[in-house]
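Residue numbers (our numbering), protein chains in the order written: chain D, 11 to 282; chain S, 11 to 282. Think of the CB as a built atom: it goes at the ideal place given N, C-alpha and C, for glycine as much as any other residue. Presented below is the structure to which this report refers.
There are 2 protein chains.
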Amino acid sequence: MATGRNHRPATSRSRGIPEATVARLPLYLRALTALSERSVPTVSSEELASAAGVNSAKLRKDFSYLGSYGTRGVGYDVEYLVYQISRELGLTQDWPVVIVGIGNLGAALANYGGFASRGFRVAALIDADPSLAGKPVAGIPVQHTDELEKIISDNGVSIGVIATPAGAAQQVCDRLVAAGITSILNFAPTVLSVPEGVDVRKVDLSIELQILAFHEQRKAGEDLGGPPGRRPGEGVHPETDTAPPAAPPAAAVTKRPPEPGNDGDLPAVMPA
Amino acid sequence: MATGRNHRPATSRSRGIPEATVARLPLYLRALTALSERSVPTVSSEELASAAGVNSAKLRKDFSYLGSYGTRGVGYDVEYLVYQISRELGLTQDWPVVIVGIGNLGAALANYGGFASRGFRVAALIDADPSLAGKPVAGIPVQHTDELEKIISDNGVSIGVIATPAGAAQQVCDRLVAAGITSILNFAPTVLSVPEGVDVRKVDLSIELQILAFHEQRKAGEDLGGPPGRRPGEGVHPETDTAPPAAPPAAAVTKRPPEPGNDGDLPAVMPA
DNA sequence: CCCTGTGAATAGCTTCACAGCC
DNA sequence: GGCTGTGAAGCTATTCACAGGG
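The following block contains the structure:
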């Protein structure tokens with residue numbers, strides 16, 4: 011099993027384009043596509059930025075990495091920019107992808123229209139459950155895991171999506187990589203170990219919720235005029251605040267909370 | 011309809027904890043939970059970092075924002091740290107959430123175990139399709155959109171998940187916000203406009219794939235010794251390279267590609 | 001005068017490297 | 001000796017603000 015390196019220099023700007031910019035290009039593309047469908051011929055950085063949910067300075071800076079595709083005093087030609095961004099992202103070609111793990115999520119992904127419309131083609135659905143084999147999901151018959159290597163090489167697939175349970179993910183990942191996959195989108199809540207040269211991006215649904223909870227908690231705290239402080243939803247009924255903390259390790263009592271006003275220890279059972 | 015501001019100072023460190031750190035806390039928590047289940051009592055920053063897929067310096071720095079919860083020469087007490095991070099994230103309480111849009115994705119989310127295990131409780135499933143009403147998904151009966159406001163206030167819900175088609179998302183969002191929701195996890199491929207004070211996080215499945223495609227394209231280019239260059243999967247069969255670009259706007263021919271060796275214009279139909 | 005493109009300034013994040021404590 | 005906690009350095013990203021072309 012691979013010993014996990016994933017960490018490229020973080021901004022390995024693959025030719026001068028910062029990662030942060032790359033991550034926003036799909037956003038711009040989506041906004042531009044919408045404009046294009048409405049036959050809008052040109053758009054200013056201000057308009058496009060607001061449609062994409064970023065600010066215009068950032069957008070202009072981002073575009074400046076791609077080249078000078080705008081016209082001063084006018085704005086950007088929508089169609090032209092759609093093409094340039096698509097090309098930059100590699101979407102002017104067709105990417106076959108396989109989805110491994112056809113549970114609820116895998117099925118949702120197979121049905122997701124956003125793939126097909128962006129140059130991605132679901133080449134195969136793969137699952138370990140033999141009883142699923144042959145059954146069509148989103149019009150595509152599910153194939154058994156045994157076929158994995160063959161499917162990948164026959165279809166020249168280089169992008170794999172893992173939607174299996176966490177326990178199976180690393181094993182699936184290893185097989186995908188061995189079969190020639192070099193980019194993986196991982197929905198399983200695990201850290202995948204992959205050899206150098208293989209890209210992994212992860213989407214973890216519960217992580218996003220946890221981040222929201224963090225901010226939500228803060229809001230609740232502010233409402234009450236205190237620091238953190240915890241409290242459920244709309245404060246309607248007191249939720250099951252979890253049990254008190256594990257005892258600190260013998261020595262860690264030397265703890266020193268960053269800010270006063272919250273000694274950050276016991277949950278101080280929440281107010282009504 | 012709200013005029014969309016979302017943009018907090020980007021690192022509005024809600025009490026000194028940087029956003030980047032907050033975003034990693036769930037990762038640490040997951041790794042720690044796994045260790046806890048294996049009854050591992052303590053862990054070093056090195057071990058934990060590798061389990062979480064980050065480097066140890068970053069992890070230590072992250073923890074230093076929470077306080078000094080480790081023991082020099084020893085490491086961190088697993089249980090204690092689980093508790094501290096949970097508390098920091100607001101997971102020592104129970105967060106009721108509603109999921110709106112019970113299609114494939116909504117159903118997948120409703121079934122997703124990662125929620126329940128992290129202090130989130132699916133309080134209700136909501137869909138606009140009357141024929142779904144009453145049908146149980148993941149053991150929870152789907153309710154009609156008409157009930158949305160009532161459900162939210164009755165359950166004191168402050169976190170909503172939008173898994174509707176893009177077209178319905180803003181409207182649903184507005185209703186959620188009007189009903190008192192202050193945190194939204196958006197799976198619809200749209201930019202949502204929300205008033206000040208409401209948090210939105212988005213998960214866009216196709217964006218992640220597009221980012222992978224970008225890097226994949228680069229790899230393919232490097233293989234061939236050239237800059238970008240495009241090419242499908244394993245180069246097995248030549249995929250449908252999309253049609254040539256839209257004509258540049260009269261003036262934008264003044265384009266100036268950042269780097270030589272790729273004048274970035276025509277798709278130069280890919281090599282075999 | 002409008003709007004792009006971009007140096008310069010600022011803010012934020014990561015990594016280094018080592019002091020301090022166990 | 002081992003490992004945490006953290007200033008300081010280095011790097012990336014964002015924002016500002018304005019030069020410059022249409």
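Could you name the residues that DSSP lists as bridge partners for Asp137 of chain D?
According to DSSP, Asp137 of chain D bridges with D:His154.
DSSP three-state call for Pro36 of chain D: helix, strand or coil?
Three-state DSSP puts Pro36 of chain D in a helix.
Could you confirm whether any beta carbon from chain S is found closer than 8 angstroms to the beta carbon of Asp209 of chain D?
yes
Is it buried or exposed, Lys160 of chain S, if we count other Cβ atoms within 10 angstroms and call 16 or more buried?
exposed
Starting from the beta carbon of Ala8 of chain D, find every residue of chain S whose beta carbon is closer than 7 angstroms, and list them in chain order.
Residue 8 of chain D lies beyond the range of chain D shown here (11 to 282); nothing can be said about it.
Closer than 7 angstroms at the beta carbon, the chain S residues around Gly124 of chain D
Contact annotation for Gly124 of chain D against chain S: Pro199, Leu215 and Ser216 [CB-CB distance below 7 angstroms, chain order].
Exposure of Gly77 of chain D, with buried meaning 16 or more beta-carbon neighbours within 10 Å
buried
For Ala120 of chain S, which residues in the same chain have their Cβ closer than 8 angstroms to its Cβ, ignoring the five residues on either side in sequence?
Ile109, Ile112, Val132, Leu135, Val147, Ala148 and Ile150
Can you round the beta-carbon distance between Gly144 of chain D and Ile162 of chain D to whole angstroms, since I take them to be within the 8 angstroms contact cut?
No, Gly144 of chain D and Ile162 of chain D are not in contact; Cβ-Cβ is about 19 angstroms, not under 8 angstroms.
Would you mind sorting Ala30 of chain S into buried or exposed? The rule is 16 or more other CB atoms within 10 Å of its CB.
exposed
Extent of the continuous alpha helix (DSSP H) run through Arg97 of chain S:
In the DSSP assignment, Arg97 of chain S falls within the alpha helix (DSSP H) that extends over Val88 to Leu99.
Just to confirm my understanding: we take Ser24 of chain D, look at its own chain, exclude 5 residues before and 5 after, and list those with CB closer than 8 angstroms. What are they?
Interpretation of Ser24 of chain D is limited by its pLDDT of 43, a score under 50 that renders its predicted location unreliable; no figure is taken from the coordinates.
Does Glu226 of chain S come within less than 8 angstroms of chain D when only Cβ atoms are used?
yes
So, does the CB of Asp139 of chain D fall closer than 8 angstroms to a CB anywhere in chain S?
no
My parser needs the alpha helix (DSSP H) runs of 4 or more residues fully inside the segment 153-189 of chain D; what are they?
158-165 and 176-188
Residue from D:Ser141, D:Leu35, D:Asn114 and D:Gly100 whose Cα sits closest to the Cα of Phe130 of chain D
D:Gly100
Checking contacts by CB at 8 angstroms: is Gln220 of chain S closer than that to chain D?
yes
Using the rule of at least 16 other Cβ atoms within 10 Å of the residue's Cβ for burial, across every protein chain shown, is Arg40 of chain D buried or exposed?
With 16 or more Cβ atoms within 10 Å of its Cβ, Arg40 of chain D is classed as buried.
Measuring only between beta-carbons, confirm whether Leu135 of chain S sits less than 8 angstroms from chain D.
no
Are the C-beta of Pro36 of chain S and some C-beta of chain D separated by less than 8 angstroms?
yes
Extent of the continuous alpha helix (DSSP H) to which Asn196 of chain S belongs:
Per DSSP, Asn196 of chain S belongs to no alpha helix (DSSP H); it is in the beta strand (DSSP E), Ser193 to Asn196.
Do the segment 206-223 of chain D and the segment 208-222 of chain S make contact, defined as three or more Cβ pairs closer than 8 angstroms?
yes
Going along chain D in order, which residues have a C-beta closer than 7 angstroms to the C-beta of Arg48 of chain S?
Simply none; closest approach about 14 angstroms.
Output needed for Val53 of chain D: all residues of its chain with C-beta closer than 7 angstroms, excluding positions within five of it in sequence on either side, in chain order.
Leu45, Gly85, Tyr86 and Val88
Run through chain D and tell me which residues come within less than 8 angstroms of Leu43 of chain S, C-beta to C-beta.
Checking the sequence shown, residue 43 of chain S turns out to be Thr, not Leu. Correct list: empty, because the minimum Cβ distance to chain D is about 10 angstroms.
With distances taken from CA atoms, which of D:His225, D:Glu157 and D:Leu35 is nearest Gln94 of chain D?
D:Leu35
Helix or strand or just coil, what does DSSP make of Lys229 of chain D?
Lys229 of chain D: helix per DSSP, three-state reduction.
According to the neighbour-count rule (16 or more other Cβ atoms, all chains shown, within 10 Å of its Cβ), is Ser55 of chain D buried or exposed?
Buried: at least 16 other Cβ atoms inside 10 Å.
Where Gln180 of chain S falls, given that 16 or more other Cβ within 10 Å makes a residue buried
Here Gln180 of chain S is buried, its C-beta having at least 16 other C-beta atoms within 10 Å.
Would you say Leu115 of chain D and Ala118 of chain S are within 8 angstroms of each other, going by their C-beta atoms?
The Cβ atoms of Leu115 of chain D and Ala118 of chain S sit closer than 8 angstroms to each other.
Just checking: is the beta-carbon of Ile169 of chain D within a distance shorter than 8 angstroms of some beta-carbon in chain S?
yes
Residue-level contact to chain D via CB, Ala223 of chain S, 8 angstroms cutoff
yes
Would Val187 of chain S and Pro205 of chain S qualify as a contact pair, given that the criterion is a beta-carbon distance under 8 angstroms?
Cβ distance < 8 angstroms, so Val187 of chain S and Pro205 of chain S count as in contact.
Which residues, in chain order, does the segment 93-117 of chain D contribute to contact with chain S at a C-beta distance below 8 angstroms?
Tyr93, Gln94, Ser96, Arg97, Glu98, Leu99, Gly100, Leu101, Thr102, Gln103, Asp104, Trp105, Pro106, Val107, Gly113, Asn114, Leu115 and Ala117
Beta-carbon gap between Pro175 of chain D and His154 of chain D smaller than 8 angstroms
no
Count the other CB atoms, across all protein chains shown, that sit within 10 Å of the CB of Ala223 of chain S; report buried if there are 16 or more and exposed otherwise.
buried
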